[in-house]
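Chemist: This is the structure I have questions about; it appears just below.
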Amino acid sequence: MSTPLIEEIAHTTARLVVEEGLEWGPAKRRAVRQLGLPARTPLPDNDLVEDAVREYIDLFCADTQPRELRALRQLALVWMQRMSAFRPHLAGAVWHGTATRLSDIYIQLFCDDPKSAEIALIDHNVDYEPRTVTGFRGEPVEALSLGSKSPELNEMIGVHLMVYDLDDLRGALRPDAKGRAPRGDIPAVQRLLQENIDP
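Residue numbers for the sequence shown follow numbering that gives the first Met the number 0, so the first one is 0 and each next one is one higher.
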């Protein structure tokens, strides 16, 4: 249910997401603090935040965001191709089209052996940091986080390779609440780049 207060939180969240590159969860919590609201204030759902982010980008970043998004998708594709043995799927803001140069790239890997992706990075002398992040079903998932330079943006971008079991792939491809694909494989990302569209 949307109320004026929930919408105000969503718009403040959107500003933090776009201007500071915050992830949605922390941005929602900071928006509540910035607005001086109690910590237990109900938060907007992700669909409302996504709409607010798109609106904010259209208003304030329409001249820069499409180029930045394209650069991030190109960098994501490089890493997906490097990690192609692990069935990579692009997710998050870079997939959905709401990313800016401050956004990180989230690539989900679906592996027969969870350690194999890590070994591949070690074999290629890639510096990474293992972390635990929240997965697409709310469960803890191992992520291999690294920095990678975007030639188009001329800056370092955070790339997070989230390691899932191969069995998780089936559930990962179900459409989201809006009927969209929640993530895309290499051909899907190549299509986005060729057509310059959002999924």
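Beta carbons are placed, not taken as given, at the ideal position from N, Cα and C, and that holds for glycine.
Here the structure is a predicted model, which is why all the values come from computation and not from measurement.
Assign residue 84 to buried or exposed, taking buried as 16 or more other Cβ atoms, counted over all protein chains shown, within 10 Å of its Cβ.
Modeler: Along the sequence shown, one-based indexing puts residue 84 at 85. Its Cβ having fewer than 16 others within 10 Å, residue 84 is exposed.
Chemist: So, with DSSP's three-state summary, where would you put residue 50?
Modeler: By 1-based counting over the sequence shown, the position of residue 50 is 51. Three-state result, residue 50: helix.
Chemist: How do the segment 123-136 and the segment 41-50 stand: do at least 3 beta-carbon pairs fall below 8 Å, yes or no?
Modeler: No: the two stretches stay apart, fewer than three of their Cβ pairs being nearer than 8 Å.
Chemist: Have a look at residue 200 and residue 37 and give me their C-alpha separation to the nearest angstrom.
Modeler: Nothing can be reported for residue 200: it is not among the residues displayed for the chain, which extend from 0 to 198.
Chemist: In chain order, what residues of the same chain have a beta carbon less than 6 Å from the beta carbon of residue 130, not counting five sequence neighbours either side?
Modeler: By 1-based counting over the sequence shown, the position of residue 130 is 131. Counting only Cβ-Cβ distances below 6 Å, and skipping sequence neighbours, we find 142 and 144.
Chemist: Which residues does DSSP list as the beta-bridge partners of residue 148?
Modeler: Locating residue 148 in the sequence shown gives position 149, where the first residue counts as 1. Answer by DSSP bridge pairing, in chain order: 155.
Chemist: Under DSSP, the beta strand (DSSP E) around residue 131 begins and ends at which residues?
Modeler: Here residue 131 is taken as the residue at index 132 of the sequence shown, counted from 1. Per DSSP, residue 131 belongs to the beta strand (DSSP E) from 128-133.
Chemist: How many angstroms separate the CA atom of residue 51 from the CA atom of residue 30?
Modeler: Here residue 51 refers to the residue found at position 52 of the sequence shown. Here residue 30 refers to the residue found at position 31 of the sequence shown. Approximately 13 Å, taken between the alpha carbons.
Chemist: Out of 73, 91, 100 and 32, which one is the CA nearest neighbour of residue 64?
Modeler: As a first step, residue 64 must be located in the sequence shown, where it is residue number 65. Answer by Cα proximity: 100.
Chemist: Out of 106, 86, 150 and 62, which has the shortest C-alpha to C-alpha gap to residue 135?
Modeler: Taking the first residue of the sequence shown as position 1, residue 135 is located at position 136. Ranking 106, 86, 150 and 62 by Cα distance to residue 135 puts 106 first.
Chemist: Please list the terminal residues of the continuous alpha helix (DSSP H) segment that includes residue 13.
Modeler: For the purposes of this step, residue 13 is taken as residue 14 along the sequence shown, with counting starting at 1. Unbroken alpha helix (DSSP H) run through residue 13: 3-19.
Chemist: With three or more C-beta pairs closer than 8 Å as the rule, is the segment 168-188 touching the segment 76-94?
Modeler: Yes: the two stretches touch, three or more of their Cβ pairs being nearer than 8 Å.
Chemist: If you check the beta carbons only, do residue 188 and residue 76 fall under 8 Å apart?
Modeler: Residue mapping note: residue 188 aligns to position 189 of the sequence shown, counting from 1. Residue mapping note: residue 76 aligns to position 77 of the sequence shown, counting from 1. Yes, these two residues count as a Cβ contact at 8 Å.
Chemist: Compute the Euclidean distance between the alpha carbons of residue 137 and residue 151, then round it to the nearest angstrom.
Modeler: Counting from one through the sequence shown, the residue named residue 137 turns up at place 138. Counting from one through the sequence shown, the residue named residue 151 turns up at place 152. Distance between the alpha carbons of residue 137 and residue 151 is about 33 Å.
Chemist: Start and end of the alpha helix (DSSP H) containing residue 192?
Modeler: Taking the first residue of the sequence shown as 1, we reach residue 192 at position 193. It spans 185-194 - the alpha helix (DSSP H) in which residue 192 sits, taken as one unbroken run.
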